[in-house]
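The numbering used here numbers the first residue of the sequence shown as 220 and each following residue consecutively. The beta-carbon is built from N, C-alpha and C at its ideal position, and this holds for glycine as well.
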Amino acid sequence: MPAIRQVGMPNALYAKASKCPMMKNALKGQSAGISTSSKCPYASTVDSIVEVGKPGTLSSFLSKNPSELNNALFNQHQKNGVFDYETFYHQELEKKKNDRSYRYFNNINRLAKLYPTAHTGTGEHVTVWCSNDYLGMSKHPEVIEAMKETLDKYGAGAGGTRNIAGNAQLHLTLERELADLHKKEAALVFSSCFVANDATISTLASKLPGCVIFSDSSNHASMIQGIRNSRAKKHIFRHNDVAHLESLLQQYDINTPKLIAYESVYSMCGSLGPIKEITALAKKYNAITFCDEVHAVGMYGKTGAGVAEYVEAMAGIDIITGTLGKAFGVVGGYIAGSAAFVDMIRSYAPGFIFTTSLPPVVVSGALTSIRHLKKSQVERSGQQLNTRALKATLQSKGIPVVPNPSHIVPVMVGDAETAKSISDELLYKYKIYVQSINYPTVNVGEERLRITPTPGHHEAHMQHLVGALETIWEERGLKYVEDWAKAGSPLGIGSTHVDQLVRSADLVNPNQTVAATA
Numbered sequence: 220m221p222a223i224r225q226v227g228m229p230n231a232l233y234a235k236a237s238k239c240p241m242m243k244n245a246l247k248g249q250s251a252g253i254s255t256s257s258k259c260p261y262a263s264t265v266d267s268i269v270e271v272g273k274p275g276t277l278s279s280f281l282s283k284n285p286s287e288l289n290n291a292l293f294n295q296h297q298k299n300g301v302f303d304y305e306t307f308y309h310q311e312l313e314k315k316k317n318d319r320s321y322r323y324f325n326n327i328n329r330l331a332k333l334y335p336t337a338h339t340g341t342g343e344h345v346t347v348w349c350s351n352d353y354l355g356m357s358k359h360p361e362v363i364e365a366m367k368e369t370l371d372k373y374g375a376g377a378g379g380t381r382n383i384a385g386n387a388q389l390h391l392t393l394e395r396e397l398a399d400l401h402k403k404e405a406a407l408v409f410s411s412c413f414v415a416n417d418a419t420i421s422t423l424a425s426k427l428p429g430c431v432i433f434s435d436s437s438n439h440a441s442m443i444q445g446i447r448n449s450r451a452k453k454h455i456f457r458h459n460d461v462a463h464l465e466s467l468l469q470q471y472d473i474n475t476p477k478l479i480a481y482e483s484v485y486s487m488c489g490s491l492g493p494i495k496e497i498t499a500l501a502k503k504y505n506a507i508t509f510c511d512e513v514h515a516v517g518m519y520g521k522t523g524a525g526v527a528e529y530v531e532a533m534a535g536i537d538i539i540t541g542t543l544g545k546a547f548g549v550v551g552g553y554i555a556g557s558a559a560f561v562d563m564i565r566s567y568a569p570g571f572i573f574t575t576s577l578p579p580v581v582v583s584g585a586l587t588s589i590r591h592l593k594k595s596q597v598e599r600s601g602q603q604l605n606t607r608a609l610k611a612t613l614q615s616k617g618i619p620v621v622p623n624p625s626h627i628v629p630v631m632v633g634d635a636e637t638a639k640s641i642s643d644e645l646l647y648k649y650k651i652y653v654q655s656i657n658y659p660t661v662n663v664g665e666e667r668l669r670i671t672p673t674p675g676h677h678e679a680h681m682q683h684l685v686g687a688l689e690t691i692w693e694e695r696g697l698k699y700v701e702d703w704a705k706a707g708s709p710l711g712i713g714s715t716h717v718d719q720l721v722r723s724a725d726l727v728n729p730n731q732t733v734a735a736t737a
């Protein structure tokens with residue numbers, strides 16, 4: 220309902236219409252004389268209310284008062300004088316399907332003993348190349364054994380919120396372990412990192428008087444949601460553009476509370492955040508920093524604390540967030556920072572206070588995984604070597620990979636429908652599962668396949684994947700690196716100034732051969 224009312228406001232509808240190529244013509248005088256609904260997701264409603272093609276009709280419609288607009292819009296979803304909810308649902312879904320942003324969910328059941336193999340709903344075995352279980356810790360024998368013992372001892376669930384019967388010794392031990400990992404005074408565990416980011420940013424920024432948030436344009440949806448929920452003033456700085464960030468910071472008094480939110484590894488393009496530079500700016504302009512290390516914890520640094528540990532910049536970050544659901548192999552999220560900050564979030568954040576705490580069995584698995592990865596370099600080394608080898612091989616074949624220094628391998632396609640069909644062909648013809656990434660996760664025209672090598676991918680897996688991509692690219696006549704270079708090297712593809720190989724592996728000998736671990 221609120222969404223309809225918002226579109227119903229004249230200024231909001233003008234803003235939406237102005238973004239649609241077909242509606243622009245209508246706004247200029249409605250002289251095109253053709254329907255707009257095939258091009259603009261908002262236009263179908265307008266088409267049915269006004270007579271497209273008649274001069275002045277749309278202007279007259281937009282000049283109506285809000286109550287008239289609301290009535291007109293609501294009438295489109297009525298059946299026999301009653302609002303038809305099911306029709307509304309279907310129309311909203313059609314918008315997603317028409318703009319190619321509808322999400323399809325594959326039935327993938329990962330097999331622990333055959334990692335990285337999974338079976339589909341029909342029982343067929345496929346090789347998974349897009350899992351966020353980056354290091355295979357979900358099937359690690361130490362993790363599995365610890366979870367089995369905890370399950371037998373404490374049962375399946377936590378029994379309540381942290382404040383009511385769900386605050387076990389395991390939770391407290393895990394939080395001390397996470398604080399130690401990031402060299403912070405305290406940590407707090409949430410049900411997921413989406414909740415951690417949303418709850419922390421919204422709570423902190425709403426409490427800080429006159430807080431202004433500075434957010435990287437590529438930040439995750441969880442951070443964006445937290446910023447929206449905080450209702451604080453915000454500025455979006457261009458991705459990794461430190462100069463742009465400083466120009467925005469300069470607009471405010473040194474004593475204005477300021478929060479800079481960014482990520483260490485951006486999961487769809489693989490770029491790394493300029494941690495040291497942002498930390499320096501925060502110190503210069505009296506801001507605090509919020510660094511999301513979700514796709515980096517377990518993956519980088521001597522103990523797996525993330526990119527901040529690798530670049531020796533943890534001490535300068537005020538708030539670090541991470542996940543237990545990716546490299547650590549289970550589920551959950553957390554924050555780490557000063558004791559007073561963590562206690563404030565613990566005391567005020569609804570997303571923490573009113574959520575059932577993580578089951579002890581999950582906490583035990585996370586604790587075991589973190590402790591193992593603090594000491595073991597085998598998993599990180601194997602993953603980074605396989606990533607380096609895959610990027611180099613794809614580069615030699617001309618398959619376009621968005622260049623980056625991380626463990627993410629984004630293969631550029633550039634069209635939503637094509638990316639989805641390639642993903643389907645890989646799955647059904649080659650028994651390879653790689654998810655396509657479309658709008659709104661990435662920009663229109665930047666659709667891609669997101670590949671994440673693991674230490675469990677052997678040479679045969681890699682040869683099969685590369686061979687399948689080679690065949691698909693040739694048969695479909697898709698763009699190679701040189702084609703993207705001729706188009707101006709979008710996202711750095713084909714640029715001679717960018718090295719596509721992984722350079723952030725701190726424990727890998729570049730001359731070492733690839734050695735996958737089961």
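query: Outcome for Y647 when other beta-carbon atoms lying within 10 angstroms are tallied against a minimum of 16; result: exposed
query: Distance CB(K403)-CB(I539) smaller than 8 Å; result: yes
query: Sheet register partners of P476 (DSSP bridge); result: The partner list for P476 (beta bridge, DSSP) is empty, contrary to what the question assumes.
query: Beta strand (DSSP E) segments (min. 3 residues) lying fully within the stretch 307-394; result: 336-338 and 344-347
query: C-alpha distance - E512 paired with Q682, whole-angstrom precision; result: 31 Å
query: Of the residues E465, Q654, D303 and L427, the one placed nearest R322, counting alpha carbons only; result: Q654
query: Beta strand (DSSP E) segments (min. 3 residues) lying fully within the stretch 450-516; result: 452-456, 477-482 and 507-511
query: Alpha-carbon to alpha-carbon, K503 and V733; result: Any reading at V733 needs caution, since the residue's pLDDT is 37, under 50, leaving its predicted position unreliable; the model's value is listed next. The straight-line gap from Cα to Cα measures roughly 44 Å.
query: Spatially closest choice to A534 from F547, A515 and A555, by CA coordinates; result: A555
query: Cut-off 7 Å between Cβ atoms - residues of its own chain near S582, not counting five sequence neighbours on either side; result: The sequence given here places Val at residue 582; Ser does not occur at that position. Cβ within range, chain order: L389, H390 and L393.
query: From G696, P619, Y652 and Y699, residue whose alpha carbon lies closest to that of R329; result: Y652
query: Run of the beta strand (DSSP E) containing Y658, from where it starts to where it stops; result: Unbroken run through Y658: none, as it is neither H nor E.
query: Residue closest to E531, alpha-carbon to alpha-carbon, out of T542, P578, S483 and S557; result: S483
query: Any non-hydrogen atom of the ligand ZN within 7 Å of V663 CB; result: Ligands displayed in this structure: none; no statement on the ligand ZN is therefore possible.
query: Nearest-angstrom Cβ-Cβ length linking S425 and S441, presumed shorter than 8 Å; result: Going by Cβ atoms, the distance from S425 to S441 rounds to 16 Å, so no, they are not a contact pair.
query: Any chain C beta carbon closer than 8 Å to S566; result: Structure shown: chain C not included; a single protein chain is present.
query: Whole-angstrom distance between W703 and L407, CA atom to CA atom; result: 44 Å
query: Opposing strand residues paired with A670 [DSSP bridges]; result: First, the amino acid is wrong: residue 670 is Ile here, not Ala. I670 pairs with V628.
query: P428 to L464 span [Cα, whole Å]; result: 21 Å
query: Cβ pair T551, S411 closer than 8 Å; result: Checking the sequence shown, residue 551 turns out to be Gly, not Thr. Closer than 8 Å, so yes.
query: Beta carbon of F571 nearer than 8 Å to that of A418; result: yes
query: Cβ distance (whole Å) where S490 is taken to contact N623 below 8 Å; result: 5 Å
query: Residues bridged to F433 [DSSP beta-bridge criterion]; result: H454 and I479
query: Cβ contact (3+ pairs, closer than 8 Å) linking the stretch 372-389 and the stretch 682-700; result: no
query: C-alpha gap between N438 and A480, whole angstroms; result: 8 Å
query: Neighbourhood of L333 by C-beta distance below 8 Å, restricted to the same chain and skipping five residues each side; result: H344
query: Three-state secondary structure assigned by DSSP to A532; result: coil
query: Closest by C-alpha distance to K545, when choosing among T336, K315, Y304 and G355; result: G355
query: Residue nearest to P709 in terms of C-alpha spacing, selected from I641, A638, T673 and V620; result: V620
query: Between the CA atoms of E313 and S257 - distance to the nearest angstrom; result: Model confidence at S257 stands at a pLDDT of 38, short of 50, so the residue's coordinates are unreliable; what they give is reported in the following sentence. C-alpha separation (whole angstroms): 11 Å.
query: Collapsed DSSP secondary structure at C259 in the structure displayed; result: With a pLDDT of 43 at C259, under the threshold of 50, the modelled position of this residue cannot be trusted; read the value that follows with caution. The answer is coil: DSSP assigns C259 none of H, G, I, E or B.
query: Secondary structure of G538, DSSP reduced to three states; result: Looking at the sequence itself, residue 538 is Ile, so the reference to Gly does not match. Residue state, collapsed to three classes: strand.
query: Other residues of its chain near P579: CB distance less than 7 Å, five sequence neighbours each side excluded; result: T369, Y373, A377, A387 and L389
query: Own chain residues within Cβ distance below 6 Å of N505, not counting five before or after; result: I473
query: Distance between beta carbons of Q596 and P672, contact taken as under 8 Å; result: Contact flag wrong, Cβ pair sits at about 17 Å.
query: Length of the line joining the Cα atoms of R319 and V663; result: 10 Å
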